[in-house]
Every structure is written in structure tokens, then in C-alpha cells.
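Residues in the sequence shown are numbered from 1 upward in steps of one, following UniProt numbering.
Note that CB positions come from ideal geometry on N, CA and C, so glycine has one too.
Computed from a predicted model, the values in this text were never measured in an experiment.
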Amino acid sequence: MADVLVGKWKLDKNENFEKFMEVLGVGLATRKIGATVKNTNDISYDGKKFKIVQKSTFKNSEIEFELGQEFETTTVDGRKVRTVFTWENGKLIQKEWPIKNPESAEAIYEREINDAGDLITTCKCKDVVCVRTYKKA
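Written out as C-alpha cells, the structure reads:
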């Protein structure tokens with residue numbers, strides 16, 4: 001199941017990412033940089049825990065988690081959030097809520113492999129949808 005996501009992935013296309021960051025409350029300078037950076041995602045899974053290592057010329061991050069276990073983390077842009085990952089219908093689903101303003105909109109990230117073998121990350125917040133396409137590195 002989750003093994004399909006394992007590997008190193010390089011960002012190929014960004015659709016609506018800057019608007020998505022704006023609706024999350026990310027500052028202007030960070031949005032401008034984030035919209036142009038081509039990051040990589042290195043995803044591993046040991047049968048129990050996932051690990052996602054994001055690297056770019058702007059900033060690096062690492063997150064390790066078990067499915068269904070809610071936890072607190074800090075996003076690449078410095079926001080403190082609560083998050084939980086689940087596996088649903090062949091997709092790794094991440095739901096994220098701001099800690100500072102829990103009533104703020106949640107963000108949802110859906111990671112899946114398309115028919116072409118690309119990693120597609122669909123990011124949703126409020127009425128904004130962003131699609132990020134990664135190629136196997």
C-alpha cells in the first residue's frame with residue numbers, strides 16, 4: 001500500500017502554490033521564495049513509521065510519523081500546527097490545524113501516485129486548491 005510513495009521525488013510543476021500559501025497566512029517574502037523553489041521529497045516507510053525529508057535551497061525539514069497519531073510540529077515556514085496522517089483510498093492524507101488560532105481553516109494534503117508514476121500532492125485550504133507534481137529523482 002504505502003510503499004508506492006517511497007523514494008526520492010523532485011518538484012516538477014507547481015499550480016496555485018503561492019495563493020495556497022497566502023490563504024494559510026504565510027508572509028509575502030516567504031510566499032515569493034516558496035513559489036519559485038524546486039524542492040525534493042525523500043519518503044521512506046518501515047512498515048510502521050513514515051519519514052518525509054524535504055530539501056531545497058531555501059529550507060530543509062523532516063517529519064516522522066505513524067498513521068492515525070495526531071502530533072504537533074512546525075511547518076517549513078515556521079507555523080506551529082497539529083497534524084494527523086491517514087491512508088485512505090490509495091492516498092496519504094495529512095490534515096493540519098493551526099495551534100495559535102485553532103478556529104482557523106485546516107489544510108489538507110493528499111499524496112498519491114498518478115498513472116504516469118508521478119507523485120501528486122493536492123493541497124487544499126478554504127476554497128483554494130494547489131497541485132504539486134513530483135517526478136522520481
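By the 10 Å Cβ neighbour count, where 16 or more other Cβ atoms means buried, how is residue 99 classified, buried or exposed? exposed
When you compare each of 117, 132, 118 and 18 to residue 109 by their alpha carbons, which one comes out closest? 132
Select from 105, 45, 82 and 78 the residue whose C-alpha is nearest the C-alpha of residue 58. 78
When you compare the CB positions of residue 39 and residue 11, do they come within less than 8 Å of one another, or not? yes
From 81, 118 and 46, residue whose alpha carbon lies closest to that of residue 107: 81
Local conformation of residue 73 per DSSP, three classes: strand
Assigned exposure category for residue 69 - 16 Cβ within 10 Å defines buried: exposed
With a Cβ-Cβ cutoff of 8 Å, do residue 28 and residue 119 count as a contact? no
At what residues does the beta strand (DSSP E) containing residue 82 begin and finish? 80 to 88
I need the straight-line Cα distance from residue 128 to residue 19, nearest angstrom please. 7 Å
I'd like the list of long-range same chain contacts for residue 15, defined as Cβ closer than 7 Å, with 5 residues on each side in sequence excluded. 130 and 131
Here's the rule I'm using: 16 or more other beta-carbon atoms within 10 Å means buried, otherwise exposed. How should residue 34 be labelled? buried
Straight-line CA distance for residue 60 to residue 36? 15 Å
Backbone secondary structure at residue 8 - three-state DSSP: strand
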